[in-house]
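**Q** Before I ask anything, here is the structure I am working with.
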Amino acid sequence: MQARNLIDLADMTKEDLAEIIRLAGMIRDNPSIFTDACHGKIMATLFYEPSTRTQMSFQTAMLRLGGKVIGFDNPSNASVAKGESLKDTIRVVSGYADLIVMRNPVEGSAFAASLYSKSPIINAGDGGHLHPTQTLTDLVTLSYEKGTLEGLTIGLCGDMKNGRTVHSLIKTLSKYKGNRFVMISTPQLQMPPYILKILEESGCAYSFSDSLEASIAELDVLYMTRIQQERFPSIEEYEAQKGIYVLDEEKMRLAKSDLVVLHPLPRVDEITVGVDDDPRAKYFEQAEYGMYARMALIITMLQSRSGTLPAPQRWDDARSCKNPRCVTNTESYVPHRFYDKGGRAVCLYCDSLLEE
Amino acid sequence: MQARNLIDLADMTKEDLAEIIRLAGMIRDNPSIFTDACHGKIMATLFYEPSTRTQMSFQTAMLRLGGKVIGFDNPSNASVAKGESLKDTIRVVSGYADLIVMRNPVEGSAFAASLYSKSPIINAGDGGHLHPTQTLTDLVTLSYEKGTLEGLTIGLCGDMKNGRTVHSLIKTLSKYKGNRFVMISTPQLQMPPYILKILEESGCAYSFSDSLEASIAELDVLYMTRIQQERFPSIEEYEAQKGIYVLDEEKMRLAKSDLVVLHPLPRVDEITVGVDDDPRAKYFEQAEYGMYARMALIITMLQSRSGTLPAPQRWDDARSCKNPRCVTNTESYVPHRFYDKGGRAVCLYCDSLLEE
Amino acid sequence: MQARNLIDLADMTKEDLAEIIRLAGMIRDNPSIFTDACHGKIMATLFYEPSTRTQMSFQTAMLRLGGKVIGFDNPSNASVAKGESLKDTIRVVSGYADLIVMRNPVEGSAFAASLYSKSPIINAGDGGHLHPTQTLTDLVTLSYEKGTLEGLTIGLCGDMKNGRTVHSLIKTLSKYKGNRFVMISTPQLQMPPYILKILEESGCAYSFSDSLEASIAELDVLYMTRIQQERFPSIEEYEAQKGIYVLDEEKMRLAKSDLVVLHPLPRVDEITVGVDDDPRAKYFEQAEYGMYARMALIITMLQSRSGTLPAPQRWDDARSCKNPRCVTNTESYVPHRFYDKGGRAVCLYCDSLLEE
Chain A
91 MQARNLIDLA DMTKEDLAEI IRLAGMIRDN PSIFTDACHG KIMATLFYEP
141 STRTQMSFQT AMLRLGGKVI GFDNPSNASV AKGESLKDTI RVVSGYADLI
191 VMRNPVEGSA FAASLYSKSP IINAGDGGHL HPTQTLTDLV TLSYEKGTLE
241 GLTIGLCGDM KNGRTVHSLI KTLSKYKGNR FVMISTPQLQ MPPYILKILE
291 ESGCAYSFSD SLEASIAELD VLYMTRIQQE RFPSIEEYEA QKGIYVLDEE
341 KMRLAKSDLV VLHPLPRVDE ITVGVDDDPR AKYFEQAEYG MYARMALIIT
391 MLQSRSGTLP APQRWDDARS CKNPRCVTNT ESYVPHRFYD KGGRAVCLYC
441 DSLLEE
Chain B
91 MQARNLIDLA DMTKEDLAEI IRLAGMIRDN PSIFTDACHG KIMATLFYEP
141 STRTQMSFQT AMLRLGGKVI GFDNPSNASV AKGESLKDTI RVVSGYADLI
191 VMRNPVEGSA FAASLYSKSP IINAGDGGHL HPTQTLTDLV TLSYEKGTLE
241 GLTIGLCGDM KNGRTVHSLI KTLSKYKGNR FVMISTPQLQ MPPYILKILE
291 ESGCAYSFSD SLEASIAELD VLYMTRIQQE RFPSIEEYEA QKGIYVLDEE
341 KMRLAKSDLV VLHPLPRVDE ITVGVDDDPR AKYFEQAEYG MYARMALIIT
391 MLQSRSGTLP APQRWDDARS CKNPRCVTNT ESYVPHRFYD KGGRAVCLYC
441 DSLLEE
Chain C
91 MQARNLIDLA DMTKEDLAEI IRLAGMIRDN PSIFTDACHG KIMATLFYEP
141 STRTQMSFQT AMLRLGGKVI GFDNPSNASV AKGESLKDTI RVVSGYADLI
191 VMRNPVEGSA FAASLYSKSP IINAGDGGHL HPTQTLTDLV TLSYEKGTLE
241 GLTIGLCGDM KNGRTVHSLI KTLSKYKGNR FVMISTPQLQ MPPYILKILE
291 ESGCAYSFSD SLEASIAELD VLYMTRIQQE RFPSIEEYEA QKGIYVLDEE
341 KMRLAKSDLV VLHPLPRVDE ITVGVDDDPR AKYFEQAEYG MYARMALIIT
391 MLQSRSGTLP APQRWDDARS CKNPRCVTNT ESYVPHRFYD KGGRAVCLYC
441 DSLLEE
């Protein structure tokens, strides 16, 4: 793999992805071969906001490879409470650990961290921005459960508007041939235009639906999502949306016999417990594939580790990103930079447009 | 061992117990032989309420066997805060870990967890219900400190009414021949009738005492307990009871030269610090035996691991357990079931009577 | 090494220090040789107050040696919340772990812990009293970055009054020949008289300065410190002092080409980010040397481990230490003791004068 870090899944070529998927499968089939693959290596998990599931998945992955784990999950305890900058924490921890996995509510923070780290950075979620290893998990699961990443009819159901994992999955799957997307949601929670544009540019077919019941029969894959309360401006708006789309045993009867049902977990009420025993329900297996995907990623990233600091940035831009949740607005020393996208300036860290 | 999980110590036969005790002794005498006994294995410690002592004992046990540990001790951080069910957490974690140790304030939760787990479950305390590894610790300690589990005169002192560990210890020791129990407490904190019934059925002698001083001379074993504030309805009732029974150097002068003093720890004021240097005080050694007992248990449970899900439950009962702290009342999908005990229905999860 | 524990760096002879420094260098140059040096060993990190940096440094050190780590960083969760004494915790944990690293806000607590421990105790900070491994880190850093611990002109800048790390560093470096100290601070935050007395007794030259700019040119080493808000009686006094001494690129231009800039981290604003890329800035390397220093210390302490309890203390003094933060005033069973210093009684635990 060329990339030093995994900040955005777009950093990986299709060949990189194929390599990770292949390696994840090898690990799954022969776990004992990998018991000491990372013997003597240390991974730091820096979780500036708690996410037990993601942290546990990464920790298990490293431990199953014979490596060791340090880190924190409670930043109120951490040195950061004494006002330490992200840069200083990363400089110090990258002297301790061979690999850093970071989750941080600040958008663009993983990329910012990579500027100051001697060790590879894996982005385990930077606010509402990116969460590439969830998508990697989804790809590994689909590869092994469907046998292919091409020619699939993929239903996505629930919150299309705020669903970071759904956006990332669509962007990635749009690079594979012949996939078709059915977006099942209320009008209020429909897919943002920029995702539709990506689909159009890639030549993927897509359609909208407001009924899971009506659409389920045509699907090869159904990706259910949680309606996340924290994404809604009011409890009323949340209550109005949740519970509209619920997958149950009755709807499953309408589906293909080889449908694969996925869900990034944790679920609340979107899938009834009765569906769990259906062999087409693969969301618990998906979590296990996530562990294999992360094992493959850890091995790959450690191979690319140089152990040296990146060259200091010679670039800086006088303009400032307008996104208040962008790392360039919370860590003052970070050099600003924008890239061009169709004639408009976009922040290199958080991918926000400079001018709306 | 036949049992897949350790939910209740009653799941173990006397032969199972003898095997664990023997193995614990081997580990204690030759720890270095076991340094890599669980190499490549992962244990999850899921602590839904904090218990540093128990968690540290389990973690140390697994680490001393060369295994690895994942888990949480702060469920407010965990995915459960996003409303995840026990079933989902267990399904996912049993895909990560080869063995799950769970502590949970909900009664019957360990048994419920075992219905959904690919890996063995060890109950590290399910509310006020069961805490089998404490009793296992006590048995290992007595075996090695007294050389036998039979023919002992065992004093139990303090809170007989609420003391989960005391109830469990009596139930187990009543299966061994010739043991006699002296229950030393105030009338308010005396042993519940169902325990006395067990003793009668097993043919064990027992007596009551309200004076530690008067009873200590006849004892082979003295099991002291903490008066736990959280078990009392008011601070006044707690204050009235605590401090009535205190073991000090003066009382130790009345005791046999081969008395063994135990305490599940942490202690508050029930045993004065002056007793600590008495060679008959074995409560710190007891904690160390607990580590060896857990090492033996971990090895044994991992041997019985199948790595597959249990068959789905085909049973369900329309009746509901009346215990509000029972897992069947907090996790709605759990199938209800009752067993018969002398003509009365008892909840399979929390052992409460259906009708009082 | 003679000493069983590391409570105070004064417990170590110059030969002990030289040995640790030499071993730290060996580990740094050949880390892979030490990958399994502590295989099968357990270290407990008991952090009664959070210090992510120090804890992570110790944990990484042990893990890089192939050992395992248990412990807590959140004592509100721990058994101590049930009123457990320090003695009981240490007795139990020293039955689990081969080595104990403790941080505790109570002064003298590390020494008190050592009275009840079967395993060596490393003091990772006992309130404002001692923090020997920070000084060990500084010594290892200077040894390798300057090539010597003698004949250096050492500037210390910031809070000389409350700076525990600065006091300890001066005391230790005063034992090496030909060192000269320049104390750069406001009059309010100047070095306490007892430190000056130590310098006079050891024959070390020293001078005062109120200007970093004026003094920087003569320095071989510049040790910057954080002005710690928690040490000031009011926010006003803190605000008045902070920001007076800031090391920036401009001042660095006045310094020698082989100056070494150190800082115990975390920094706030005492050193501008622009200085970080200057090759003379060694504070991030210092954190890494700290890891090697702790690896060397762990190996050394484990070699001296006896695994038995210290003999019970036969001494006790009817007099009581007047320091309310002293462990003899928070743990009632600890035997009192005082040593003589120039005809005055000093508490053996917290080094406070009995009579001011």
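Protein chains in written order, with my numbering: chain A, 91 to 446; chain B, 91 to 446; chain C, 91 to 446. The beta carbon of each residue, even a glycine, is placed where N, CA and C say it ideally should be. These numbers were taken from a predicted model, which means no experiment stands behind them.
Considering only DSSP beta bridges, list what A/Tyr429 is partnered with.
**A** Beta-bridge annotation (DSSP): A/Tyr429 is paired with A/Val436.
**Q** Please state whether DSSP places B/Ser299 in a helix, a strand or coil.
**A** strand
**Q** Please go through the same chain and pick out, in chain order, the residues whose beta-carbon is closer than 7 Å to the beta-carbon of C/Leu205, but skip the five residues on each side of it.
**A** Pro400 and Gln403
**Q** With 8 Å set as the bound, which would you pick, yes or no: does the beta-carbon of C/Phe322 sit closer than that to a beta-carbon of chain A?
**A** no
**Q** Let me check one thing: in DSSP terms, what residues is A/Leu355 bridge-paired to?
**A** Beta-bridge pairing links A/Leu355 to no other residue.
**Q** Strictly below 9 Å CB to CB, what residues from chain C border A/Glu174?
**A** At a beta-carbon threshold of 9 Å, the residues of chain C lying near A/Glu174 are Arg143, Leu355, Pro356, Arg357 and Val358, ordered along the chain.
**Q** Return the first residue and the last residue of the alpha helix (DSSP H) that A/Asp178 is part of.
**A** Leu176 to Tyr186
**Q** Hey, which unbroken runs of the beta strand (DSSP E) at 3 residues or more fall wholly within the stretch 224-281 of chain C?
**A** 243-247 and 270-274
**Q** For A/Phe137 and A/Asp163, which I take to be in contact (beta-carbon distance under 8 Å), what is that distance rounded to the nearest angstrom?
**A** 4 Å
**Q** Report the partner residues of B/Tyr313 according to the DSSP bridge assignment.
**A** B/Leu246 and B/Leu352
**Q** So B/Asp407 contacts chain A; which residues on that side make the cut at Cβ distance below 7 Å?
**A** Result: empty, since nearest Cβ-Cβ is about 17 Å, beyond 7 Å.
**Q** Pull out every residue of the stretch 118-147 of chain B whose Cβ sits closer than 9 Å to any Cβ of chain A, in chain order.
**A** His129, Gly130, Ile132 and Ala134
**Q** What are the residues that DSSP puts in a beta bridge with A/Ala371?
**A** A/Val351
**Q** What are the residues in the stretch 191-218 of chain A lying within 7 Å of chain C by C-beta distance?
**A** Going along the stretch 191-218 of chain A in chain order, one finds no residue with a Cβ nearer than 7 Å to chain C.
**Q** B/Pro400 touches chain A at which residues, Cβ-Cβ below 7 Å?
**A** The premise fails here: B/Pro400 is roughly 12 Å from chain A at the closest Cβ pair, so nothing lies under 7 Å.
**Q** Cβ of A/Asp163 less than 8 Å from any chain C Cβ?
**A** no
**Q** Within 10 angstroms of the Cβ of A/Ile97, are there 16 or more other Cβ atoms? Answer buried if so, exposed if not.
**A** buried
**Q** Taking B/Asp216 as part of the beta strand (DSSP E), name the residues at either end of that continuous run.
**A** B/Asp216 -> beta strand (DSSP E) spans Ile211 to Asp216.
**Q** Based on the DSSP output, what are the partners of C/Leu337 in its beta bridges?
**A** C/Ile361
**Q** Counting along the chain, where does the alpha helix (DSSP H) carrying C/Thr135 start and finish?
**A** It is not in any alpha helix (DSSP H) - C/Thr135 instead sits in the beta strand (DSSP E) that spans Ile132 to Phe137.
**Q** Since C/Gly161 sits in a beta bridge, which residues does DSSP pair it with?
**A** C/Thr135
**Q** Strictly under 8 Å for the Cβ-Cβ distance: is A/Ala377 near chain B by that measure?
**A** yes
**Q** Can you name the residues that DSSP bridges to B/Ile190?
**A** B/Ala134 and B/Ile211
**Q** Which residues does DSSP pair with C/Leu443 in a beta bridge?
**A** C/Val436
**Q** What residues in the stretch 363-374 of chain C have a beta carbon less than 7 Å from any beta carbon of chain A?
**A** Val363, Asp367 and Phe374
**Q** Terminal residues of the continuous alpha helix (DSSP H) containing A/Leu99?
**A** Here A/Leu99 belongs to no alpha helix (DSSP H), and DSSP marks it neither H nor E.
**Q** Anything in chain B within Cβ reach of C/Arg181, meaning under 7 Å, just list it in chain order.
**A** Phe374
**Q** According to DSSP, what are the bridge partners of B/Cys416?
**A** B/Cys416 has B/Glu197 as its beta-bridge partners, per DSSP.
**Q** Hey, quick one: how far does the alpha helix (DSSP H) through B/Pro283 stretch, first residue to last?
**A** Pro283 to Ser292
**Q** Going by C-alpha distance, which of A/Leu176, A/Gly115 and A/Ile361 is nearest A/Leu226?
**A** A/Leu226 has its Cα closest to that of A/Gly115, out of A/Leu176, A/Gly115 and A/Ile361.
**Q** Just the chain A side, please: which residues come within less than 8 Å of B/Gly185 by C-beta, in chain order?
**A** Within chain A, the residues near B/Gly185 are Phe374, Glu375, Ala377, Glu378 and Met381.
**Q** In the DSSP assignment, find the unbroken alpha helix (DSSP H) run with A/Arg343 in it and report its ends.
**A** No alpha helix (DSSP H) contains A/Arg343, which DSSP labels as neither H nor E.
**Q** Of all Cβ atoms in chain A, is any one closer than 8 Å to the Cβ of B/Ile160?
**A** yes
**Q** From what residue to what residue does the alpha helix (DSSP H) around A/Asp106 run?
**A** Lys104 to Asp119
**Q** Step through the CB atoms of chain B and report whether any lies within less than 8 Å of the CB of A/Gln280.
**A** No - not a single Cβ of chain B is within 8 Å of the one on A/Gln280.
**Q** Is the beta carbon of C/Asp216 less than 8 Å from the beta carbon of C/Ser199?
**A** yes
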